[in-house]
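Numbering (this note's numbering), first residue to last: 2 to 471.
The beta carbon of each residue, even a glycine, is placed where N, CA and C say it ideally should be.
Worksheet: the structure to be examined is printed underneath.
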C-alpha cells in the first residue's frame, strides 16, 4: 500500500514515466535499510546509511531515471551510485545492470540482499570509475552519480552508438546540473544540460492551511509560550536570547513587513550579540549578491565609501537606510580589531544587471578573449535590464526569444573549467554572480505563470546560496 501511495505522489509531482513508477512500486526499499531506518522506507527523504553511502530521495531518483530513460533491452552501467535499491529498480526494467563502486564492504552486503530477492541480472564490482567496465562494454546507458571534472575518453568509448550518459555537473556547494551525453552512429557526442532543481534538501512537512482549520483560542496560547516580550531595545534580555540560540549553526532573524526603524535597530543588536558572544561569522541577508559584495569589501577594510552603495533597484529601502549604514560602520570597526572577522553576503536574485557586470570583470582579469565571449552570451539579455520583468513577459507571450541558453553557457563554462580558473575566493564570488543571472532569468519568466513557482525558485536559489556559504 505504501509503495503504491509513493508512486501516486511521484506521478502527481510530475514523474510521467510509467515503467519507472511501476518498477519503484515493485521493489521493497526497506530491504536495503537497517532496522532503525525501515520506518522511513517510503518517506521522500534521503537516508545516510553510513559514511559515504547515501540512499537518494525517491523523487530525486525518479527524476534522474527519467533523464536516463532506461528501456527493457538496455544494458546499463552505474558508477558511484551506492544504492542497492537503485540497482534493483533498474534491474526490473533493463536486461542487465552493471555497477562499479569503491565501497567493497557495502557492495558485498548489497549482493547478498539482491540475491535473496531473486534478482539475477545485476553484476557489481569494486574498481576505478575511469576505466569503467571494458570487458562488458558497450553500454546503452551509463549513469554516474559523482562529479567528474572531465568525462574520460575511455568511458565515452564504452557507450553504444545511440546510447546516453548522465552525470551531475558542479561541486557540492553549487547549483547542480545534469549533463547528458548522446553518442551518434559516427562516434560523435552531443552534450545537453538539464537544471536539476529537484535535488532540493530533505523536505519538512507542515499542515496545509486550507486543509486544517485551527481555532484562534488554540493558536494564541501556543504562541504565548514561545514569544518573549520586551519594552525597549535597552531592556531586552540578550542573555536569555543567547541561551535560546544554544549551539545552533543558523539563526533566522526576520519580520514580515521588511521592518521599521525599531525593528532594524533590534535586528542589528541581535546580530551583534551573535557575532560577539557566540562567534557567528556570516550574516546572510535578503539582498542581492553583487550589491552586498561591496558592503562586505567595506567590512573587510576596503576603501569604497558606503555613500556609493549600489542598492538602486527594488527594494532599495531595505538596505539604503541609516540603520544599516550604522551596522556596516560598526562591522568595519569590529573587524579591524577582531581575531575572527565576520562577513556579510546577499542571498537574493533580483540584481541580474550588476551580477553580469561582476562576472565580466572576473573574466577580464583572467582572459580578455573569454571575457568577450561572456559579453556576447550576456548581450542577449543586456538590452532588457532596465525592466527585466518586461523581458519575462515578452518571452512568455512569445514576443521575444528566451536567453536561457546563452546565460547558462557562462555558468557551465565556469563549472567545467574551474580548475583552470583557479578555485579561489574571486572565482566563488563570480560563480555565485553567474548563478544569480541564470536563476533570475528563469524567475522573471516564471513569475508570469502565477502560483508558487516563482517564489519556490527564489527560495531555492537562496537556499543553495546559503548552503554554498556554509
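For residue 378, the number of other beta carbons within 10 angstroms of its own is at least 16, and it is reported as buried. Residue pairing from DSSP places residue 286 in a beta bridge opposite 347. At least 8 Å separates the beta-carbon of residue 128 from that of residue 152. Here the segment 432-442 makes contact with the segment 350-358; the two share three or more CB pairs at distances below 8 Å. In this structure the segment 253-273 touches the segment 234-243; the number of beta carbon pairs closer than 8 Å is three or more.
In this structure, the beta-carbon distance from residue 353 to residue 441 falls below 8 Å. Per the Cβ contact rule, the segment 329-339 is not in contact with the segment 447-463 (fewer than 3 Cβ pairs under 8 Å). With fewer than 16 other Cβ atoms from the protein chains shown falling within 10 Å of its own Cβ, residue 277 counts as exposed.
One alpha carbon belongs to residue 242, the other to residue 303, and they sit about 33 Å apart. Distance from the Cα of residue 396 is smallest, within the candidate group 147, 371, 450, for 450.
Among the bridge pairs identified by DSSP, residue 194 is matched with 180.
A direct Cα-Cα distance of roughly 57 Å separates residue 274 from residue 124.
Here residue 141 is not near residue 68, since their CB atoms are 8 Å or more apart.
For residue 19, the closest C-alpha among the options 292, 71, 412 is that of 71. Judged by beta-carbon spacing, residue 179 lies beyond the 8 Å limit of residue 79, meaning their Cβ atoms are not closer than that value.
Between residue 96 and residue 122 the beta-carbon gap is near 7 Å, inside 8 Å, which marks them as a contact.
Within the same chain, 63 come within 6 Å of residue 16 by CB-CB distance, once the 5 residues on both sides are set aside. At a Cβ-Cβ threshold of 8 Å, residue 431 and residue 349 do not count as neighbours. Contact between the segment 380-388 and the segment 398-415 is present, with at least three C-beta pairs closer than 8 Å. For residue 103, same chain residues with a beta-carbon under 7 Å away, outside a window of 5 residues either side, are 127 in chain order. Restricting attention to 300, 346, 331, 292, the CA atom closest to the CA of residue 321 is found in 292.
Just measuring C-alpha positions, the residue of 343, 113, 189 sitting nearest residue 86 is 113. Between residue 183 and residue 165, the CB-CB gap stays under 8 Å. Beta-bridge annotation (DSSP): residue 125 is paired with 100.
Per DSSP, the unbroken beta strand (DSSP E) holding residue 141 starts and ends at 140-145.
Straight through space, the alpha carbons of residue 411 and residue 347 are spaced by roughly 21 Å.
Residue 24: member of the alpha helix (DSSP H) spanning 19-27, first to last residue. Rounded to the nearest angstrom, the gap between the Cα atoms of residue 468 and residue 13 is 28 Å. Looking at 371, 92, 154, the one whose alpha-carbon comes closest to that of residue 25 is 92. With 16 or more other Cβ atoms from the protein chains shown falling within 10 Å of its own Cβ, residue 21 counts as buried.
In its chain, beyond the 5 residues on either side, 77, 88, 91, 92, 123 have a beta carbon closer than 6 Å to the beta carbon of residue 98. In the structure shown, the three-state DSSP call for residue 316 is coil. Straight across, the Cα-Cα distance linking residue 245 with residue 28 is about 44 Å. Rounded to whole angstroms, the separation of the alpha carbons of residue 118 and residue 111 is 11 Å. In this structure, the CA atom of residue 466 is about 7 Å from the CA atom of residue 433.
DSSP places residue 241 in the uninterrupted alpha helix (DSSP H) bounded by 239-246.
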